[in-house]
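One structure is given below, encoded as structure tokens.
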Amino acid sequence: METTAERRVLVVEDDRAIADAVAARLRAEGFLVQVVGDGPSAVESARQDPPDAIVLDVMLPGFDGLEVCRRIQAERPTPVLMLTARGEETDLLVGLAVGADDYMAKPFSMRELAARVHALLRRVNKVAVAPKAGPPTLRLGDLEINQAERRVLRAGAEKHLTPTEFDLLVHLARAPRTVLPRERLLAEVWGWADASGTRTVDSHIKGLRRKLGADLIRTVHGVGYALEVDR
0 METTAERRVL
10 VVEDDRAIAD
20 AVAARLRAEG
30 FLVQVVGDGP
40 SAVESARQDP
50 PDAIVLDVML
60 PGFDGLEVCR
70 RIQAERPTPV
80 LMLTARGEET
90 DLLVGLAVGA
100 DDYMAKPFSM
110 RELAARVHAL
120 LRRVNKVAVA
130 PKAGPPTLRL
140 GDLEINQAER
150 RVLRAGAEKH
160 LTPTEFDLLV
170 HLARAPRTVL
180 PRERLLAEVW
190 GWADASGTRT
200 VDSHIKGLRR
210 KLGADLIRTV
220 HGVGYALEVD
230 R
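Mapping of the sequence shown onto numbering that gives the first Met the number 0: position 161 corresponds to residue 160, and the numbering continues sequentially without gaps.
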């Protein structure tokens with residue numbers, strides 16, 4: 000297992016029993032954990048002592064987890080695992096749109112939560128040490144992806160993607176018109192090998208379609224997705 004020494008995780012959860020259970024599991028994994036129970040405290044904590052990752056409940060006093068995520072990401076991009084008791088797809092898409100990298104619906108397994116946090120941090124490390132070799136810009140039809148600057152344009156208009164959306168798009172763009180299974184995308188983009196997280200992929204795909212156009216990504220039911228552009 001990767002080293003967790005001095006890796007800090009901020010847990011934002013107003014249900015004390017859940018917060019204590021999450022904190023105990025993450026501390027057992029070797030993380031340094033701080034727990035806060037409301038929106039304003041979460042933003043202030045992240046500003047004063049920036050964490051390496053955040054486990055963030057959607058429903059919070061003060062202001063909700065969506066606003067917490069929006070404010071924190073505006074100051075410093077940070078991996079966020081969002082917790083929600085609600086299953087509405089709109090809520091999940093909004094969470095991903097404001098910068099969350101992944102989400103889990105309550106009730107959830109503490110083992111799975113710990114694994115998701117490890118995966119988030121592995122992904123951040125992978126991006127940080129990724130070699131700069133290869134074409135800095137991918138041009139596919141009217142889609143332009145500048146990998147060095149992490150910028151995306153379609154038909155000349157810049158599209159603002161979250162870090163996860165960008166990484167997902169790059170994976171699809173490196174194999175245009177090739178169907179990539181959800182499980183493969185989950186493993187390569189999120190570093191998560193358990194297929195139970197494939198709904199996360201689906202939600203991020205919906206976010207990409209909303210920003211880039213519904214025609215860009217084709218669904219192959221029961222398999223995965225393909226980028227529908229000229230090679």
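Think of the CB as a built atom: it goes at the ideal place given N, C-alpha and C, for glycine as much as any other residue.
The structure presented is a predicted model; accordingly, all values stated were derived computationally and were not measured.
Item, Value
"Of the listed residues K205, R209, V228 and D201, nearest to V222 (C-alpha basis)", "D201"
"Inter-residue Cα distance where the pair is E164 and L207", "7 Å"
"Contact belief for A52 with L80 at Cβ below 8 Å, rounded distance in angstroms", "7 Å"
"For R150, the first and last residue of its enclosing beta strand (DSSP E)", "R150 to R153"
"Selected residue, minimal CA-CA separation from I71, among T83, A154, L82 and P50", "P50"
"Integer Cβ distance of E227 from R173, believed to fall under 8 Å", "Contact flag wrong, Cβ pair sits at about 15 Å."
"Same chain only: Cβ atoms within 6 Å of L161, ignoring 5 sequence neighbours per side", "For clarity, residue 161 is Thr in the given sequence; the question names Leu instead. Excluding sequence neighbours, T161 sits near G98."
"Buried versus exposed call for V219 [16 or more other C-beta atoms within 10 Å across all chains shown]", "exposed"
"C-alpha distance - L171 paired with Y224, whole-angstrom precision", "8 Å"
"Residue(s) in a DSSP beta bridge with K158", "V151"
"Limits of the unbroken alpha helix (DSSP H) element including V10", "V10 -> not in any alpha helix (DSSP H); beta strand (DSSP E) instead, spanning R7 to V11."
"In DSSP terms, what G221 is bridged to", "Paired residue(s): none; G221 is not in a bridge."
"Residues near Q146 in its chain [Cβ-Cβ closer than 6 Å; skip 5 each side]", "P135"
"Per DSSP, cross-strand counterpart(s) of L82", "D56 and M103"
"CA nearest to the CA of R75, picked from A45, R122 and G140", "A45"
"Buried versus exposed, by CB contacts within 10 Å (16 or more), A154", "exposed"
"6 Å CB neighbourhood of F62 in its chain, flanking five on each side removed", "G38"
"Terminal residues of the alpha helix (DSSP H) in which L184 lies", "R181 to L184"
"Option nearest P78 by Cα separation, candidates W189, R198 and R209", "W189"
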